[in-house]
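In the working numbering, the protein residues as written are 4 to 136.
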């Protein structure tokens, strides 16, 4: 069993239960990270206020728009985590305008859907490395 104190704590915000659970269970079983799961933005907001994370992967698609409120919450110091915490976002499309906005928010990685679960595991590894730097 991996040493929990050395295992990074990550937040995964994804409404699709199967994807969220598969990635979280795989990451845990490989000892990559301790993943806290949030199925909604509201649940994630509460978790961000209550617990400190080393990184987060956040699904930002919201109907026909993007919801960057969780990113803003972290970057503006409205969470228990440090404002510079590494963050990756998941989206179904990435326009030049969105890319510019994400750069301004210092997003570490953009994951375009559809993707393989391994892509998310790789993102958690990259966030862990960024958090340790």
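Yeah, the Cβ is synthetic: ideal placement off N, Cα and C, and Gly gets one too.
Item: Classification of residue 96 by the beta-carbon crowding that lies within 10 angstroms, buried from 16 upward; Value: exposed
Item: Three-state class that DSSP yields for residue 15 in the structure shown; Value: strand
Item: Sequence-distant residues of the same chain with beta carbon closer than 8 Å to residue 23, five excluded per side; Value: 15, 17, 40 and 42
Item: Extent of the continuous alpha helix (DSSP H) run through residue 41; Value: Unbroken run through residue 41 is the beta strand (DSSP E), 37 to 41; no alpha helix (DSSP H).
Item: Endpoints, the alpha helix (DSSP H) within which residue 135 is located; Value: 120 to 135
Item: Length of the line joining the Cα atoms of residue 89 and residue 13; Value: 10 Å
Item: Where residue 65 falls, given that 16 or more other Cβ within 10 Å makes a residue buried; Value: exposed
Item: Given residue 55 as reference, the closest of 44, 82, 68 and 70 once Cα atoms are compared; Value: 82
Item: Beta-carbon contacts of residue 77 that lie in its chain and below 8 Å, excluding the five residues immediately before and after; Value: 51, 59, 84, 86, 88 and 90
Item: Minimum C-alpha distance to residue 9 - residue among 93, 20, 28 and 35; Value: 35
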